[in-house]
Amino acid sequence: DTGVSQNPRHKITKRGQNVTFRCDPISEHNRLYWYRQTLGQGPEFLTYFQNEAQLEKSRLLSDRFSAERPKGSFSTLEIQRTEQGDSAMYLCASSNIGIGVYEQYFGPGTRLTVT
Amino acid sequence: SQQGEEDPQALSIQEGENATMNCSYKTSINNLQWYRQNSGRGLVHLILIRSNEREKHSGRLRVTLDTSKKSSSLLITASRAADTASYFCASINDMRFGAGTRLTVKP
Chain A
40 DTGVSQNPRH KITKRGQNVT FRCDPISEHN RLYWYRQTLG QGPEFLTYFQ NEAQLEKSRL
100 LSDRFSAERP KGSFSTLEIQ RTEQGDSAMY LCASSNIGIG VYEQYFGPGT RLTVT
Chain B
83 SQQGEEDPQA LSIQEGENAT MNCSYKTSIN NLQWYRQNSG RGLVHLILIR SNEREKHSGR
143 LRVTLDTSKK SSSLLITASR AADTASYFCA SINDMRFGAG TRLTVKP
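Below, the structure is given as structure tokens:
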């Protein structure tokens, strides 16, 4: 499967714990995006990378959230001191406008439940 | 805040009918994408229409783009029960999605 993959697919954690999600984009894609989606809503943009550079961060991304893409390939999204309001689906997408691949291809998401 | 706004929020039709969904933007539209999302699943890319295109077809899908009105529409012809899903639009420019149109196709 050469699509975008995300791990884990599901995560249940207790409030106050830290969690980390991983996203592996399509191999030739240089842009990687993170979104958060709650029930009945569209995806909310969190941040995106061009190669290893984090080019934009949403105001939704509080200090408890951090994302990295150290080698310009996979990315991790960490949430520290989780709160119940963090419960959502976290989606990753990739694209490569450099070769004309404007479309964003999404992974299956990581569903986070904070108890 | 979300930039793209889909209209209507919900749409229910009979199998075989056509479904039209609209997307409006506050800022300029560039390379607009449409996506489908089945309940609890990831987003599937349907079609991308570039800012210099006015209409694009893909199978039973027809997308139009009116940059002067900052709007786009998605038409699904001869709908099927399997088309039941939420449909979203998003501009490449700002990567913002609306709340989507929830389409229900009754068999």
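Residue numbers (my numbering), protein chains in the order written: chain A, 40 to 154; chain B, 83 to 189. Even for Gly, the Cβ is constructed at its ideal location relative to N, Cα and C.
Name the chain A residues whose beta carbon is nearer than 7 angstroms to that of residue i?
i	result
Arg178(B)	Phe84
For residue i, which option in the options has the closest C-alpha, if you only look at C-alpha atoms?
i	options	result
Ser133(A)	Gln143(A), Asp125(A), Gly124(A)	Gln143(A)
Arg150(A)	Ser126(A), Tyr141(A), Gly137(A)	Ser126(A)
Gly124(B)	Arg48(A), Gly137(A), Thr152(A)	Arg48(A)
Leu116(A)	Lys96(A), Gln123(A), Asn135(A)	Lys96(A)
Leu147(B)	Ser140(B), Asn175(B), Asn112(B)	Asn112(B)
Tyr74(A)	Thr52(A), Asn57(A), Gln56(A), Ser105(A)	Ser105(A)
Ser133(B)	Lys151(B), Arg142(B), Val126(B)	Lys151(B)
Gly98(B)	Ala160(B), Asn175(B), Arg136(B)	Ala160(B)
Pro109(A)	Ile118(A), Gln119(A), Gln93(A)	Gln93(A)
Asp89(B)	Ser153(B), Met177(B), Lys188(B)	Ser153(B)
Glu67(A)	Tyr87(A), Asn135(A), Gly55(A)	Asn135(A)
Arg103(A)	Ile65(A), Arg54(A), Gly81(A), Ser44(A)	Arg54(A)
Within 8 angstroms (strictly less), CB to CB, does residue i reach chain A?
i	result
His127(B)	yes
Gly182(B)	yes
Ile216(B)	The displayed coordinates of chain B run from 83 to 189. Any statement about residue 216(B) would go beyond what the structure contains.
Determine whether the Cβ of residue i lies closer than 8 angstroms to any Cβ atom of chain D.
i	result
Phe145(A)	Given the protein chain composition of this structure (A and B), no chain D is represented.
Can you pull the chain A residues whose beta carbon is under 9 angstroms from the beta carbon of residue i, in chain order?
i	result
Asn25(B)	Residue 25(B) lies beyond the stretch modelled for chain B, which goes from 83 to 189, so this question has no answer here.
Mind listing the chain B neighbours of residue i? Cutoff is C-beta to C-beta under 7 angstroms, in chain order.
i	result
Glu142(A)	Gln115, His127, Leu130
Gln80(A)	Ala181
Which residues in chain A have a C-beta closer than 8 angstroms to the C-beta of residue i? List them in chain order.
i	result
Gly124(B)	Leu130, Phe145, Gly146, Pro147, Gly148
Which residues does DSSP list as the beta-bridge partners of residue i?
i	result
Val43(A)	The partner list for Val43(A) (beta bridge, DSSP) is empty, contrary to what the question assumes.
Leu125(B)	Gln119(B)
His49(A)	Arg150(A)
In chain order, each beta strand (DSSP E) run of at least 3 residues that lies wholly inside the region 77-117 of chain A: Counting only runs of 3 or more, we get 83-89, 92-96, 104-107.
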